[in-house]
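> Protein chains in written order, with the numbering used here: chain B, 20 to 408; chain W, 3 to 303. First, the structure itself, so that you have it in front of you.
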């Protein structure tokens with residue numbers, strides 16, 4: 020984790036300053052960056068009014084669905100696209116108009132982008148030669164980078180002689196060889212199979228620990244990668260930054276319904292706020308009172324007024340199944356079950372929630388079939404209020 | 003516990019393989035006969051014609067033709083023009099392909115299609131256009147003469163090897179552009195981006211990333227042009243260059259004008275050997291450059 024404390028994002032009405040954190044020496048700064056393609060009325064905005072600061076040594080994951088603008092943000096930082104407005108800074112240096120070659124950023128992409136006609140060692144040495152590092156130093160730097168990713172024995176191979184995972188390691192070594200202060204990773208594990216992705220996640224974590232001064236911007240649409248690697252997660256939606264916070268905060272207290280759903284697939288139950296005292300809330304779901312947590316962001320303030328429509332966010336693993344009619348439980352029917360090995364995902368139709376289904380994860384292989392009547396409880400420590408807007 | 007494995011039933015042979023074999027032969031025979039009839043036989047006929055001599059010794063024709071100054075000059079001129087034209091095509095074609103692929107400009111698609119259209123034209127048409135443009139009585143000379151006030155324009159190169167090379171470069175450049183453009187579009191954009199992010203200047207990216215990856219396509223296009231220019235007849239004939247005698251022109255002169263068919267056959271055989279040698283060299287180099295090796299498999303973790 021970064022040594023710099025992360026702050027919660029402000030509520031949605033202050034979008035312009037959302038995500039701007041108070042790092043004393045940010046390695047990366049996006050200042051109201053907008054990127055548009057096309058001209059005149061045909062212009063399409065791939066990134067709108069994007070603000071973000073990443074501290075030295077911090078890892079921020081840009082998480083969002085396809086077309087949300089996360090890769091465009093990365094391209095704007097690397098210099099592959101020029102912002103229509105706003106500025107990009109590396110440290111205190113404004114690099115908005117600098118070509119990629121002058122930025123000194125390490126970039127790793129999903130497709131590896133290794134140079135197929137060069138041997139592994141030459142691929143890794145490419146950046147060093149481009150930056151005219153003295154020849155005497157190149158060998159040692161290449162060996163160091165290859166050693167860092169455990170590929171020392173593969174220097175003389177051609178990329179086509181390597182597996183996907185090995186190629187991705189070489190791509191990382193190539194980016195690290197130039198000793199960048201900023202490392203950009205654009206869906207680096209997306210092309211790998213699930214098992215290899217798990218292994219590479221572990222390796223990237225170790226690599227992060229070995230590079231305490233390198234700021235990393237990690238683009239992914241996979242929440243598990245973001246949760247495993249990032250200090251903070253910036254959730255992107257419709258070309259804008261939707262929410263940003265530490266991994267733990269976003270998971271426990273999602274500031275919006277979109278983030279709650281995208282990060283962990285939470286159940287969002289429409290409710291009405293009855294009363295809020297401190298961070299304890301009493302809400303009503305279909306006339307039934309339920310207690311929940313009403314979080315307050317570190318920056319800004321959310322007014323949980325009475326009769327305010329909101330969502331009760333309950334993660335599937337926090338939903339408790341009981342015997343029908345148990346105290347404090349809602350009556351529900353099982354709609355479907357999917358066994359996932361260590362858990363079973365049960366989809367429920369709760370009698371009091373019209374048109375809303377609830378997902379619950381129970382451990383082991385649950386044998387109850389569709390139509391079975393059960394009781395459902397939403398423990399207050401696992402139920403969080405989320406603004407309806 | 004002992005387990006016995008059942009002996010698998012003996013593989014029964016197909017009831018009859020004969021019809022399949024004959025069917026295969028029936029399918030192979032027609033194309034084989036076509037190749038023999040339309041490609042191999044004419045070559046063999048040319049070779050036997052070159053060995054046909056009134057004195058009885060088949061090598062007489064060969065020693066007579068190969069020993070002549072005219073043949074050696076024509077051979078040298080053919081190779082010279084072909085090599086220089088190919089070099090010109092490679093330089094101009096590479097430049098054009100780079101611009102069309104990496105420097106987007108309004109109308110680049112039209113230019114690309116125009117280049118393609120040149121491929122469909124007969125080669126002599128280019129020479130004819132050259133005559134109208136750059137001939138002694140051509141438009142360019144007329145314009146220069148009008149500007150300078152001289153009676154004649156200064157351009158008078160169409161009848162020289164330079165004129166032939168210029169016409170061949172104009173006509174054959176698309177043969178280099180087309181495969182190069184295809185190769186450039188195959189290079190992933192990410193490779194160029196990553197190369198730039200590593201500190202490489204555009205020139206370095208071009209030299210160390212783009213061109214090495216396009217090398218097989220350039221080799222293919224260049225080899226094709228070299229083959230075509232070695233055998234080019236129409237352009238040389240249409241320039242009306244008296245001093246430009248290439249092997250195809252010499253074959254034409256010996257075979258049609260002086261009726262020295264054995265002599266023409268000797269030169270034609272040399273021409274065929276030259277072309278086949280070039281083709282085999284190209285195939286070998288291409289296979290060496292693009293030779294594959296097996297990829298590793300990710301270890302189970």
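Each residue gets a CB set at the ideal place from its N, CA and C atoms; glycine is no exception.
Any chance the stretch 23 to 35 of chain W sits against the stretch 385 to 402 of chain B, with 3 or more Cβ pairs inside 8 Å?
Verdict: no, contact absent.
> With a cut-off of 8 Å, does the C-beta of residue 61/B fall near any C-beta of chain W?
With 8 Å as the cut-off, residue 61/B does not count as an interface residue toward chain W.
> Do residue 313/B and residue 203/W have their CB atoms nearer than 8 Å?
Cβ distance not < 8 Å, so residue 313/B and residue 203/W don't count as in contact.
> What residue range is occupied by the uninterrupted alpha helix (DSSP H) comprising residue 43/W?
Unbroken alpha helix (DSSP H) run through residue 43/W: 43 to 52.
> State yes or no: is the beta carbon of residue 199/W nearer than 8 Å to at least one beta carbon in chain B?
Cβ-Cβ to chain B under 8 Å: yes for residue 199/W.
> Evaluate residue 87/B with the Cβ neighbour count: other Cβ atoms within 10 Å of its Cβ, from every protein chain shown; 16 or more gives buried, anything less gives exposed.
Buried.
> How about residue 214/W: is its C-beta nearer than 8 Å to some C-beta of chain B?
For residue 214/W, the answer is yes, since a Cβ of chain B falls inside 8 Å of its Cβ.
> Applying the 10 Å Cβ sphere with the 16-neighbour rule, what's the burial state of residue 3/W?
Only weak support is given to the placement of residue 3/W: the predicted model assigns it a pLDDT of 43, under 50, and the value that follows is read from those uncertain coordinates. Its Cβ having fewer than 16 others within 10 Å, residue 3/W is exposed.
> For a cutoff of 8 Å on Cβ pairs, would you count residue 105/W as touching chain B?
No, no contact with chain B.
> Does the beta-carbon of residue 251/W have 16 or more other beta-carbons within 10 angstroms, so that it is buried, or is it exposed?
Result: buried.
> How would you label residue 282/W, buried or exposed, when you count the other beta carbons within 10 angstroms and need 16 or more for buried?
By the 10 Å Cβ count, residue 282/W comes out exposed.
> For a test of the three-state rule: what should DSSP assign to residue 358/B, helix, strand or coil?
Note: residue 358/B maps to strand in three-state DSSP.
> Taking the alpha carbon of residue 273/W as the point to measure from, which residue in 196/W, 253/W, 139/W and 218/W has its own alpha carbon closest?
The shortest Cα separation from residue 273/W among 196/W, 253/W, 139/W and 218/W belongs to 253/W.
> Quick one: which chain B residues come within Cβ less than 9 Å of residue 203/W?
Near residue 203/W (Cβ distances below 9 Å), the residues of chain B are 118, 120 and 149.
> Kindly list the residues whose CB is nearer than 8 Å to the CB of residue 173/B, restricted to its own chain and excluding five residues on each side of it in sequence; keep chain order.
Closer than 8 Å at Cβ, skipping near neighbours: 139, 165, 181, 185 and 189.
> Quick one: using the 10 Å Cβ neighbour count with 16 as the cut-off for buried, is residue 402/B buried or exposed?
The residue is buried, with at least 16 neighbouring Cβ atoms inside 10 Å.
> Taking C-beta pairs closer than 7 Å, name the residues in chain W that residue 146/B reaches, listed in chain order.
Result: 200 and 201.
> When we look at the beta-carbon of residue 358/B and count the other beta-carbons within 10 Å, is it buried (16 or more) or exposed?
Exposed.
> Let me check one thing: in DSSP terms, what residues is residue 74/B bridge-paired to?
Answer is 45/B, bridged to residue 74/B.
> Are any of the Cβ atoms in chain B nearer than 8 Å to that of residue 206/W?
With 8 Å as the cut-off, residue 206/W counts as an interface residue toward chain B.
> Hey, out of 32/W, 35/W and 54/W, whose CA is closest to residue 267/W's CA?
Considering only alpha carbons, the answer is 54/W.
> Looking only at its own chain, which residues have a Cβ that is under 8 Å from the Cβ of residue 142/W, when we skip the five neighbours before and after it?
Contacts found: 135, 136, 155 and 157.
> Quick one: give me the first and last residue of the alpha helix (DSSP H) that residue 117/W is part of.
Here the alpha helix (DSSP H) through residue 117/W covers 110 to 121.
> Rounded to whole angstroms, what's the CA-CA distance from residue 379/B to residue 213/W? Just pull it up for me.
Approximately 56 Å, taken between the alpha carbons.
> For residue 79/B, which option in 102/B, 48/B and 106/B has the closest C-alpha, if you only look at C-alpha atoms?
If we check each option's Cα against that of residue 79/B, 48/B comes out closest.
> Opposite residue 442/B in the DSSP bridges: which residues?
The displayed coordinates of chain B run from 20 to 408. Any statement about residue 442/B would go beyond what the structure contains.
> If I measure Cβ to Cβ from residue 210/B and keep anything under 8 Å in the same chain, skipping five residues before and after, which residues do I get?
Within the same chain, residue 210/B has close Cβ partners 129, 130, 131, 183 and 187.
> In chain W, what lies closer than 7 Å to residue 136/B by C-beta?
Near residue 136/B (Cβ distances below 7 Å), the residues of chain W are 214 and 215.
> When the Cα atoms are used, what is the spatial distance from residue 221/W to residue 149/B?
Straight-line Cα distance between these residues: approximately 27 Å.
> Against chain W, with Cβ distances strictly below 8 Å, would residue 99/B count as a contact?
With 8 Å as the cut-off, residue 99/B counts as an interface residue toward chain W.
> What does the alpha-carbon distance come out to for the pair residue 291/B and residue 406/B?
Cα to Cα, residue 291/B sits roughly 10 Å from residue 406/B.
> Rank 78/W, 107/W, 149/W and 38/W by C-alpha distance to the C-alpha of residue 246/W and give the top, closest one.
Minimum Cα distance to residue 246/W is reached at 78/W.
> Considering only their Cβ atoms, is the gap separating residue 280/W from residue 229/W smaller than 8 Å?
Contact: yes.
> With a Cβ-Cβ cutoff of 8 Å, do residue 125/W and residue 237/W count as a contact?
Yes, Cβ-Cβ distance for residue 125/W and residue 237/W is below 8 Å.
> Find the residues of chain W that neighbour residue 130/B, judging by a C-beta separation of less than 7 Å, and give them in chain order.
Residues of chain W passing the Cβ test: 190 and 192.
> With residue 330/B as the anchor, note down where its beta strand (DSSP E) starts and where it stops.
Per DSSP, residue 330/B belongs to the beta strand (DSSP E) from 328 to 333.
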